[in-house]
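Trainee: The working numbering puts the first residue of the sequence shown at 84, with every later residue one more than the last.
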Amino acid sequence: MIEKQLIYTFAMFISGLIIMGAFDIYRLIFIWARRSVLPRMILDVLFSAVAGIFAFIIIYRYNDGIIRIYAIIAMLLGIFFVKYIVNDIICKKIRKHLKKLVSRCRMGLLKGRKDL
């Protein structure tokens with residue numbers, strides 16, 4: 084019995100990771116898309132519905148549809164883990180590489196001006 088609950092808790096933590104990771108990808112894709120309000124509202128509702136369906140599939144698969152408070156907490160911990168730990172590490176690395184790229188581009192532009 085306790086093993087089943089541990090697996091359920093772990094599955095909810097992993098589903099929180101997946102949902103937040105999918106949300107980050109969704110957010111990045113939407114930055115490049117058009118910025119009109121209606122499509123964004125529709126896509127937000129669709130994303131929320133898909134995320135909710137995914138969470139309830141996990142709940143039904145691992146705990147016969149019984150929602151426990153520790154499962155919700157585990158999912159929230161997964162979401163916060165991605166949002167505040169993983170994203171910070173990734174954003175720092177991306178920022179570091181972008182700074183290098185920008186400085187190299189500036190150096191290239193300055194060299195080009197000296198040759199003129």
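Ideal placement from N, C-alpha and C gives every residue a C-beta, glycine not left out.
Under three-state DSSP, which class holds R189?
Mentor: Helix, per DSSP.
Trainee: Around the Cβ of S98, are there at least 16 other Cβ atoms within 10 angstroms (buried) or fewer (exposed)?
Mentor: Buried, since its Cβ has 16 or more Cβ neighbours within 10 Å.
Trainee: Could you check how far apart the C-beta atoms of L100 and F164 are, in whole angstroms? I think they sit under 8 Å.
Mentor: 7 Å between Cβ atoms; contact.
Trainee: On the three-state DSSP scale, how would you describe R144?
Mentor: In this structure, R144 counts as helix in the three-state DSSP scheme.
Trainee: Below 8 Å on the Cβ atoms is my contact criterion, and I expect A134 with I102 to pass it. Report the Cβ-Cβ distance as a whole number of Å.
Mentor: Indeed they touch by this definition, with Cβ atoms about 5 Å apart.
Trainee: Among residues of its own chain, excluding the 5 on either side of Y91, which ones have a beta-carbon nearer than 7 Å to its beta-carbon?
Mentor: Cβ within range, chain order: Y145, N146 and A154.
Trainee: Give me, in chain order, the residues of the same chain whose beta-carbon lies closer than 6 Å to that of P122; leave out the 5 immediate sequence neighbours on both sides.
Mentor: Once the five neighbours on either side are set aside, P122 has no close Cβ partner at all.
Trainee: Count the other CB atoms, across all protein chains shown, that sit within 10 Å of the CB of M84; report buried if there are 16 or more and exposed otherwise.
Mentor: Result: exposed.
Trainee: Note down, in chain order, each residue of its chain lying with its Cβ closer than 7 Å to the Cβ of G104, except the 5 sequence neighbours on either side.
Mentor: The answer, listed in chain order, is V165.
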